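Chemist: Numbering (the working numbering), first residue to last: 200 to 452. All C-beta atoms in this analysis are idealised placements derived from N, C-alpha and C, irrespective of residue type, glycine included. These numbers were taken from a predicted model, which means no experiment stands behind them.
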Amino acid sequence: HDDHDDHDDHDDHDDHADHAHASCACTAAKNNWAITCADMAPVKAAVAHLDAHCTTDKVATMVEGDVDEEACHQAYMLFQAHHDHCDHHVLPTELEGKLHVYEHDFEDCFIRRQYDADMEKCPAVDCADADAMQAATTTLDASCSNDCSSAACKNAIQLVLMAHDTCDESLLPSNVEVALHDFEEICEDKLCNTADAPFVLTCEEDDHDDHEDDHADHEDDHADHEDDDSPAGALRASVLSVALVGATVALLA
C-alpha cells in the first residue's frame, strides 16, 4: 500500500482543514443532501462529478471554499458517507475501490457503519491502547493485502473497525482510517458490527462545534466579495445544488 504514502503529503494540505472530520450527518443536513442506502442515484451522480471535475490535478489548482472546490468536496463526502455507512452489497460494483482515487484530496466526514444482522458483534476495544491499534494496522499491511482469511487478519480488521467507529478521534493513530479504507473490501467477510442494533443517523452538533465555527468563519470571509445576488454567488448556488442533489453534472461544464 505504498500509494498511501501520499496521504502524509495531504496532511500538510491545510486548505482543507476546515472540513476535518465533521459529522457526515451534520454535513448532509447543512447542505441539503441525504444519506440513504436505498438510493444510489445521488452517489453515482456525485462520483460522475468527481470524475469530470475533481481529479487531483484540478483540485491542486483550487482554493478551499471557492465554488468548484466546495462542490468537489461535497460530492466526495456524499460518496464517502455512503461508502462507509452502507452495506457494500448495495454500493454499485463500478464504484467499489473508487474512493481510493479521491481520498487523498479531501478530508473525510465521520460516520459509523450501519448495523448488519448477518455480522457478528465486534470485540470490545481499549480506546487508550494506541499500541494495539498500531499493531493491527501493521498486521494488515504485512499479512492481509491479498488474503484476509487468517485469524490474525480478522482480529486486526475488527479491532481497526471498532476503534474507528467507537473511539474518540484524538485517541486514534493517524493510519487507522487509512487502514480501514484499504482493507475493508478484501476483508469484507471479516467485518463486524460496531453498533448493537440498527440506528438512525442524527446530527450531533456538539461533537463538531469547533469545526462548524471555523467553517462558518471561513464562509463569512468569502461573503464580502461573493454576494448571493452577484453572478459569482448565483454560480456558487448552482454548482452546490448540482453536487448536493445529484443533478446532471453537465450544468457545470
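Quick check on residue 343: buried or exposed, where buried means 16 or more other Cβ atoms within 10 Å of its Cβ?
Modeler: Its Cβ being crowded by 16 or more others within 10 Å, residue 343 is buried.
Chemist: Would you identify the three-state DSSP class for residue 345, choosing helix, strand or coil?
Modeler: It is coil, neither helix nor strand.
Chemist: Any idea if residue 345 is buried or exposed, counting beta-carbon neighbours within 10 angstroms, 16 or more meaning buried?
Modeler: Answer is exposed; the Cβ neighbour count stays below 16.
Chemist: Specify the secondary structure class of residue 399 as computed by DSSP and reduced to three states.
Modeler: Note: residue 399 maps to coil in three-state DSSP.
Chemist: Taking all protein chains shown into account, decide if residue 278 is buried (16 or more other Cβ within 10 angstroms of its Cβ) or exposed.
Modeler: Residue 278 is buried by the Cβ-count criterion.
Chemist: In terms of residues, what are the limits of the alpha helix (DSSP H) holding residue 283?
Modeler: Element bounds for residue 283: 266-284.
Chemist: Assuming residue 234 contacts residue 360 (C-beta within less than 8 Å), just tell me the rounded distance between them.
Modeler: Contact doesn't hold; Cβ gap of about 19 Å is too wide.
Chemist: Throw me the rounded Cβ distance for the residue 284 and residue 312 pair, which I believe falls under 8 Å.
Modeler: About 6 Å separates the two Cβ atoms, so the contact holds.
Chemist: With DSSP run on the structure shown, which of helix, strand or coil describes residue 320?
Modeler: Strand at residue 320.
Chemist: Span of the alpha helix (DSSP H) holding residue 297?
Modeler: It is not in any alpha helix (DSSP H) - residue 297 carries neither H nor E in the DSSP assignment.
Chemist: The alpha helix (DSSP H) that contains residue 309, what's its start and end?
Modeler: Element bounds for residue 309: n/a, residue is neither H nor E.
Chemist: Under the rule that 16 or more other beta-carbon atoms within 10 Å means buried, what is residue 382, buried or exposed?
Modeler: Result: buried.
Chemist: Is residue 389 closer than 8 Å to residue 347 when the C-beta atoms are compared?
Modeler: For residue 347 and residue 389, yes; Cβs fall inside 8 Å.
Chemist: Alpha helix (DSSP H) containing residue 239: first to last residue?
Modeler: Looking at the DSSP string, residue 239 is not in any alpha helix (DSSP H), and its letter there is neither H nor E.
Chemist: Report, in whole angstroms, the separation of the C-beta atoms of residue 332 and residue 392, which I expect to be a contact under 8 Å.
Modeler: That belief does not hold up - the Cβ atoms of residue 332 and residue 392 are roughly 19 Å apart, past 8 Å.
Chemist: Name the DSSP bridge partner or partners of residue 222?
Modeler: Per DSSP, 309.
Chemist: Kindly indicate the opening and closing residues of the alpha helix (DSSP H) around residue 256.
Modeler: Start and end: 255-258.
Chemist: Check residue 354 in the structure and name its three-state DSSP category.
Modeler: Helix, per DSSP.
Chemist: Taking the alpha-carbon positions, what's the residue 380 to residue 368 distance?
Modeler: C-alpha separation (whole angstroms): 16 Å.
Chemist: For residue 397, which residues from the same chain have a beta carbon less than 6 Å from its beta carbon, with the 5 sequence-adjacent residues on both sides left out?
Modeler: Cβ neighbours of residue 397 beyond the five flanking positions: 314.
Chemist: Just to confirm before moving on: does the CB-CB distance between residue 220 and residue 305 stay below 8 Å?
Modeler: Not a contact, by the Cβ cut-off of 8 Å.
Chemist: Tell me where the alpha helix (DSSP H) around residue 289 begins and ends.
Modeler: That residue, residue 289, is in no alpha helix (DSSP H); it is neither H nor E in DSSP.
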